[in-house]
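Going by my numbering, the sequence shown opens with residue 46, and the numbers climb by one from there. All residues carry an ideal CB built from backbone N, CA and C; glycine is no exception.
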Amino acid sequence: TDRQPHTMRLQTCVAAVTLLQLLELAVGSHETVARTAAQGQSRVVTSLQNPMPLFTSSGQPMDVHDGDVRQWTPGGPFYYYGMRYDRCHYQFCAQKNCSHLKDHTVLIWRSDTLGNRSWTLVGEALGPAALKVLGNFYRPHVQYNPTTKRYVLIVNGNGLGNYKNFAATSASPEGPFTDPQDMDRLAFEIPANCPNGKCEMGDFGFFAEGADAYLVVNVMGPGAGVHVEKLNVDWTNGLNDTSQTSACLTCAGPPQESPSMYKTAAGKYVVLLAGATCFGVPQPTSGRWNGNYPVGPAEARWGGTGIFVYVADKPLGPYTFYGNINNAVGGLHNASGCTVCMGNPCPAGKCVVPVQLNSIVRDHSGTPLALTGGMWALNSREEVTNVLGDYAEYWQPWDNVVDTTGLPKQLVYLEYFTLSLPPAVNDSV
46 TDRQPHTMRL QTCVAAVTLL QLLELAVGSH ETVARTAAQG QSRVVTSLQN PMPLFTSSGQ
106 PMDVHDGDVR QWTPGGPFYY YGMRYDRCHY QFCAQKNCSH LKDHTVLIWR SDTLGNRSWT
166 LVGEALGPAA LKVLGNFYRP HVQYNPTTKR YVLIVNGNGL GNYKNFAATS ASPEGPFTDP
226 QDMDRLAFEI PANCPNGKCE MGDFGFFAEG ADAYLVVNVM GPGAGVHVEK LNVDWTNGLN
286 DTSQTSACLT CAGPPQESPS MYKTAAGKYV VLLAGATCFG VPQPTSGRWN GNYPVGPAEA
346 RWGGTGIFVY VADKPLGPYT FYGNINNAVG GLHNASGCTV CMGNPCPAGK CVVPVQLNSI
406 VRDHSGTPLA LTGGMWALNS REEVTNVLGD YAEYWQPWDN VVDTTGLPKQ LVYLEYFTLS
466 LPPAVNDSV
């Protein structure tokens, strides 16, 4: 079909420890893959460790961040659409010659199992002509549109001046994504709808449900905030209709960004947002992160942001604030917690996980498998780093993100965890 360009069969793994597994341990991998039988079908169970030390199948570290991990076909490969940053030194937004470079790009990686050392590079998602249009850009998110039978990649870039959202499409999940267009019919790209007549778009989320799709837009500036907006039938632009935009979710709270959105089995729509940062949150100057807070002077600089939850009965709301799930004090229904903004440290011990929310890993049906985030200023060896391309990721399996109703619960730091991947259709052991 149009959605099955590279369907792959998962191969049975040997249960015994092999020399390759020992070599993986030597380079920081703690990943194993096993298969389990269930009702005549096979599932892949992948064991991983936080911080995520992502390596390629040849053992090279991956420079991939801030994107989407998606599976498009039952039992098929997973694709990671992520930013490649330079190995330059940064200090939040103070050094724009590192964090705001035009040679950042989107890479596409592929894996059968999500396991460490299972990733192979497909290539760049966007060609040179597209990169010239986008300027400095970030946060790639991808969805498959069943109406147009196209894969839609959206990024946030400043190629036309202030930051806007751009959409590009491809017939294949492996790209190339071509002809990026300014999403100039989004309600908050139209000056008449913007505070002071000018809007600038920040981080965003991209959510699809059947033939409909929504962008969770972060409108930056005084009196602005996060809104959910319905997209056109192609999912490449807005509808130029403020009635298809939710009320502001965040205008009464602290600065928030990096949205993700999902729907529970009970029909609730949930938006997750991170506390605002600028390419980093404070980290300790020494010590190792193992789920416990460090001691001594570094304690006041332990990084992370809150993860704020908003819930509604309809995609366009109205949304109500549900709680902060990355808050080590005050409980879920406390709006306080770690809300680091622009590099200012929060009080010690307030974040459970030193992470800024990024995205949701989903299988072919759109079902969430894990919540991911960037561990700004920490590498996969849990060492403090200011090299932009080195920062690690944190993954939380979905059953440790939500309760039995599908609504988020307080995060608990996990160093070791497993992901159980859905079986291929008609696959047998």
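1. Hey, how far is the Cα of phenylalanine 462 from the Cα of alanine 415?
2. Kindly indicate which three-state DSSP category lysine 177 falls into: helix, strand or coil?
3. Where in the region 212-274 do unbroken runs of the beta strand (DSSP E), each at least 3 residues long, occur, reported from the N-terminal end onward?
4. Throw me the rounded Cβ distance for the asparagine 424 and aspartate 435 pair, which I believe falls under 8 Å.
5. On the CB-based measure, 16 or more other CB atoms within 10 Å of its CB, does valine 406 come out buried or exposed?
6. Keeping to the same chain, check which residues put their C-beta closer than 6 Å to that of leucine 70; ignore five residues upstream and five downstream.
7. Does the beta-carbon of glutamate 438 have 16 or more other beta-carbons within 10 angstroms, so that it is buried, or is it exposed?
8. When the Cα of glutamine 455 is compared with those of Tyr367, Thr281, Ile235 and Leu464, which residue comes out closest?
9. With which residues is valine 187 paired in a DSSP beta bridge?
10. Which word fits aspartate 111, buried or exposed, when buried means at least 16 other C-beta atoms lie within 10 angstroms of its C-beta?
11. With distances taken from CA atoms, which of Asp157, Leu452 and Thr417 is nearest leucine 459?
12. Could you give the C-beta distance for proline 122 and arginine 155, rounded to a whole number, given that I count them as a contact under 8 Å?
13. So, for serine 13: in the same chain, excluding its five sequence neighbours on each side, which residues have a beta-carbon less than 7 Å away from its beta-carbon?
14. Indicate the three-state DSSP secondary structure (helix, strand or coil) for aspartate 111 in the structure shown.
15. In three-state DSSP terms, what is threonine 287?
16. Would you report the Cα separation of proline 390 and leucine 433, rounded to the nearest angstrom?
17. With a threshold of 6 Å on Cβ separation, who are the neighbours of arginine 230 within its own chain once the five nearest residues in sequence on each side are excluded?
18. Since arginine 132 sits in a beta bridge, which residues does DSSP pair it with?
19. With a 10 Å radius around its C-beta and 16 neighbouring C-beta atoms as the bar for buried, classify leucine 205 as buried or exposed.
20. Are glutamate 302 and asparagine 263 touching if we call contact CB-CB under 9 Å?
21. Run through DSSP, which three-state label would leucine 416 get?
22. According to DSSP, which residues form a beta bridge with alanine 437?
23. I need the straight-line Cα distance from valine 59 to methionine 306, nearest angstrom please.
On the basis of the coordinates in this document:
1. 11 Å
2. helix
3. 223-227, 245-254 and 257-265
4. 5 Å
5. buried
6. Unreliable positioning characterises leucine 70 in this predicted model, as indicated by a pLDDT of 38, which lies under 50. The coordinate reading is nonetheless provided below. Contacts found: none.
7. buried
8. Tyr367
9. Leu198
10. buried
11. Thr417
12. 5 Å
13. Residue 13 is absent from the structure shown; the chain starts at 46 and stops at 474.
14. strand
15. helix
16. Low local confidence applies: a pLDDT of 42 at proline 390 is under 50, so the model's placement there is unreliable, with the coordinate-based value given in what follows. In a straight line, the C-alpha of proline 390 is about 19 Å away from that of leucine 433.
17. Asn282, Gly283 and Asn285
18. BP columns for arginine 132 are empty, so no partner.
19. exposed
20. yes
21. strand
22. Met420
23. Residue placement at valine 59 is poorly supported in this model, since its pLDDT is 31, which falls under 50; the coordinates are not used for a value here.
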